[in-house]
Amino acid sequence: MNTTPRRNWSELFSLQNLLIVVLVVTLSISTLIPLLLLFSKAFLNKEAEFIGLKNFITYFSTPALARSLANTVWVSVLSTTIAVVLAFLYAYGISRAAIRGKSFLHYIALLPLFEPTMMHGIALTYLFGNQGLVSTGFFGLLPEMRIPIYGPIGIVISEVIYLFPQAFLIFITALSITDQRLYEAAESLGASKFKSFMSVTLPSVKYGLISAIFVCFTASFTDFGAPQAIGGKFNVLATDIYKQVIGQQNMSMGATVGILLTIPAFIAFAVDRFVDRKQRAMTSSKSTPYQIPEGKWRDRLYRVFCWMMTIAILIPLCTILFASLIKVWPYNISFSMKHYNFSTVAGSGLDPFWNSLKVSGLTAIVGTIVTFVFAYLIEKTRYLKGLRQVGYFLSILPLALPGMVIGLAYIFFFNDPANPLNWIYGTMAIIVLANITHFYAVPFITATTALKKLDKEFELVSESMRVPFYKTFLRVTVPMCLPSIVEIAMFFFVNSMVTVSAVVFLRSADMNLAAVALVNMEDAGDVAAAAAMSMLIVLTNIVIRFAYELVLKKVKRRTAAWQNHK
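Quick note: the sequence shown uses the working numbering, first residue 4, plus one each step.
Right, here's the structure in full:
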């Protein structure tokens, strides 16, 4: 009779439960508390006195600031519409047409993910700027083509390049789970190709379509790189925050704009959670893969379209590579590597690039460990259910937080001398923490998805045999989830290399980063050096992606027996 109470008491203070408490506290410190502090700053003046909605009234009564909100909405709607349509057609061509080189086309579609968003704007400057390749008729060989690239047109083109791979990944996944039996039923009922498309294809991808729209709108709404690079005098919310905080040191108004920037992100977050549940409900173990029917004209049409999109994706990248390797654009186009010597423009040579490698490496290592351990505690433990639910909410909350909002919140929270964690402000540690927080949600969802596939009997058998949970975790769970762990590490690294928004406020004067150096170079007019730094970032990410593929193949071969074991 006395053993049960003692067992429950020991369970209450077990290592597992202690780690769950640490999980919730850590997520609160890194996400929730800074966010609440940011929100509170929007209702205070510079003297920290409560002024209610005065900052919001000031914002909307200032024509230039209010116009930024309208500009942001307009650019986001147009960019999302174009990107979603192009990505759907591209994904449809790869999944539903018999065209060659599908793997190559798939990888090319993902290239913009490895590129800083500022790079797209810089490439457009070299193509359509005052001395652009197209603007000058390819050095006078062809008629000139002048396009007002500085402003909304340039921002929209840059955003479409940035959004395209994100929408493509959603559509290629949605199209891959369509049940072939639905098409067979439609054909047996005499439905035409168009009718089958409208009654089967579109309904089957409707949740993916909704998700793509909200993901793209939010990404465009909160993006800082493209408007900063090519926006000119066309202001948006993200550049307003930068100007208010960096230019005018007006933290309260920066917090106000940050809240406005967060509202659509929270809406998209709620919609994405709803869509994700509906999308899962549509999958069935009895579904049969789609079989591509014959259609020569369809295949030719999509082959032309997909290769045109491929060329459109490669042109900005090739332009940046070309611009980084010539002496003086467009007057002296002889080969030179001088732009890769950053000592005169970045102030510290290659230090920003090496700093980015260190930060991205630390983010990948620490972020992967923290994410997977936290996902395991939430998904595989059986106690403290309420705290685990809080931990789950805090884990997916970063999906709704723009990078600039996280950076601004960290200024308010960690820059406070009364905060015992104040020591990390201005160090590499706060940048790593900001990156992990910014990108945490997607790896967390990846980890929980992988953990859900594992049989619960592993933990139950280990518990019944009195094997400590950490031994089961290290000897069984981690080896079986290695493919997902490698994917999480790659995700953290690549995104940390290209991000600007989350760290632009946090880096110190003597600890610059490659992506932030792009902003400084572009502001100073050192566009060729910015192109060279962009290429270093892209090449690094491509190498990491290639290494990821090699490691993943080896890991999958080693774990194949475990993964297929029933």
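C-beta atoms are modelled at their ideal positions from N, C-alpha and C, and glycine is treated no differently.
Just so we're clear, the structure is a prediction, and the values are computed from it rather than from any experiment.
Secondary structure of residue i, DSSP reduced to three states
| i | result |
| --- | --- |
| ILE249 | helix |
| VAL348 | coil |
| PHE549 | helix |
| THR65 | coil |
| ASN498 | helix |
| PHE508 | coil |
| VAL239 | coil |
| VAL331 | strand |
| GLY261 | helix |
| GLY528 | coil |
| VAL88 | helix |
| VAL503 | coil |
| SER288 | Model confidence at SER288 stands at a pLDDT of 46, short of 50, so the residue's coordinates are unreliable; what they give is reported in the following sentence. DSSP places SER288 in coil when its eight states are reduced to three. |
Residue span of the alpha helix (DSSP H) that contains residue i, given as start and end
| i | result |
| --- | --- |
| LYS388 | 388-399 |
| VAL218 | 209-225 |
| LYS299 | 299-327 |
| PHE53 | No alpha helix (DSSP H) holds PHE53; DSSP gives it neither H nor E. |
| ILE36 | 36-44 |
| GLY410 | 406-417 |
| ILE23 | 18-30 |
| PRO234 | According to the sequence as given, residue 234 is Gly; it is not Pro. First-last for GLY234: undefined, no H or E at that position. |
Exposure of residue i, with buried meaning 16 or more beta-carbon neighbours within 10 Å
| i | result |
| --- | --- |
| PHE496 | buried |
| MET514 | buried |
| LYS557 | exposed |
| THR286 | Residue placement at THR286 is poorly supported in this model, since its pLDDT is 49, which falls under 50; the coordinates are not used for a value here. |
| LEU387 | buried |
| ILE60 | exposed |
| ILE409 | buried |
| ARG99 | buried |
| TYR93 | buried |
| GLU52 | exposed |
| LEU41 | buried |
| MET311 | exposed |
| ALA90 | buried |
| TRP357 | exposed |
| SER64 | exposed |
| TRP332 | buried |
| GLN169 | buried |
Residue i: first and last residue of the uninterrupted beta strand (DSSP E) it sits in
| i | result |
| --- | --- |
| SER363 | Unbroken run through SER363 is the alpha helix (DSSP H), 354-383; no beta strand (DSSP E). |
| ASN515 | Careful: ASN515 lies outside any beta strand (DSSP E) and carries neither H nor E. |
| ILE336 | 335-338 |
Give the list of continuous alpha helix (DSSP H) stretches no shorter than 4 residues that lie fully inside the stretch 95-155. Correct list: 105-113, 120-131 and 140-143.
Segment contact flag, the stretch 146-164 with the stretch 230-242, C-beta cutoff 8 angstroms, min 3 pairs:
Cβ pair count under 8 angstroms is three or more, so yes.
Three CB pairs or more closer than 8 angstroms across the stretch 439-449 and the stretch 536-548: No contact exists between the stretch 439-449 and the stretch 536-548.
| said: Below 8 angstroms, how does it come out for the stretch 34-51 and the stretch 398-407: are there three or more Cβ pairs, yes or no? | reply: With contact defined as three or more Cβ pairs closer than 8 angstroms, the stretch 34-51 and the stretch 398-407 are in contact.
Quiz item: How about the stretch 300-307 and the stretch 502-516: do they share at least three Cβ pairs that are nearer than 8 angstroms?
Solution: No, they do not touch.
Exercise. Of all the beta strand (DSSP E) runs that stay within the bounds of the stretch 419-480, which reach a length of 3 or more residues?
Worked result: Counting only runs that start and end inside the stretch 419-480, there is no beta strand (DSSP E) element of at least 3 residues.
> Would you call the stretch 359-372 and the stretch 423-436 in contact, with 3 or more CB pairs under 8 angstroms?
Replying inline: Of all C-beta pairs linking the stretch 359-372 to the stretch 423-436, three or more are shorter than 8 angstroms, placing the two stretches in contact.
Do three or more CB pairs link the stretch 256-272 to the stretch 97-106 at distances below 8 angstroms? Contact fails: fewer than three Cβ-Cβ distances are below 8 angstroms.
Could you tell me whether the stretch 545-552 touches the stretch 335-342, using the rule of 3 or more Cβ pairs below 8 angstroms? Contact fails between the stretch 545-552 and the stretch 335-342, because fewer than three Cβ pairs, one in each stretch, are under 8 angstroms apart.
- Query: Counting pairs of beta carbons, one from the stretch 205-219 and one from the stretch 76-92, are three or more of them closer than 8 angstroms?
  - Reply: The answer is yes - the stretch 76-92 touches the stretch 205-219, with three or more Cβ pairs under 8 angstroms.
| request: Would you check if the stretch 484-491 and the stretch 389-403 touch, i.e. whether three or more CB-CB distances between them fall below 8 angstroms? | output: When Cβ pairs closer than 8 angstroms are counted between the two stretches, the stretch 389-403 is seen not to touch the stretch 484-491, the count staying below three.
Contact between the stretch 243-263 and the stretch 61-77: three or more CB pairs below 8 angstroms?
Result yes; three or more Cβ-Cβ pairs closer than 8 angstroms.
Say whether the stretch 371-383 touches the stretch 249-256, bearing in mind that this needs 3 or more beta-carbon pairs closer than 8 angstroms, one atom from each stretch. Not touching, per the Cβ criterion.
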